[in-house]
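Numbering-wise (the working numbering), the sequence shown opens with residue 121 and increments by one. Backbone N, C-alpha and C define an ideal beta-carbon position, used for all residues, glycine too.
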Amino acid sequence: REATSADKLRLYGYYKQATCGTITAIRPKIESLREVAKWEAWHAARNLDRMEAMARYIEMFVRITGSSSPLDSPLRNSPVHAKDNLRFRNRQEI
């Protein structure tokens with residue numbers, strides 16, 4: 121199935137929680153709707169420990185893409201978290 125914007129944001133929140141931990145940044149100003157949406161997605165995942173966040177990311181990724189590898193992700197170039205996915209990919213290669 122095609123990933124919705126909500127799916128991409130949820131994946132972003134799980135990814136950031138898994139790789140960076142609980143969000144500490146203050147909520148961006150409403151003028152930056154994209155940044156607010158990303159902040160809210162990460163904030164929504166704040167109570168998950170890193171392993172649970174990564175497990176949810178992987179589960180959702182597989183459900184959306186039908187693939188078991190983030191390297192084959194059609195979401196890789198998503199404007200929501202393209203830079204973050206590149207960092208994730210680089211960590212997998214280490």
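Between R130 and A173, the beta carbon gap of about 11 Å keeps them out of contact (Cβ cut-off 8 Å). Counting along the chain, the unbroken alpha helix (DSSP H) around E160 starts and ends at 153-164. Between G141 and A157, the alpha-carbon positions lie close to 18 Å from each other.
Taking 8 Å as the cut-off, the beta carbon of R170 is found closer than this to the beta carbon of Q137. By the Cβ neighbour-count rule, R176 is buried, with 16 or more other Cβ atoms within 10 Å of its own.
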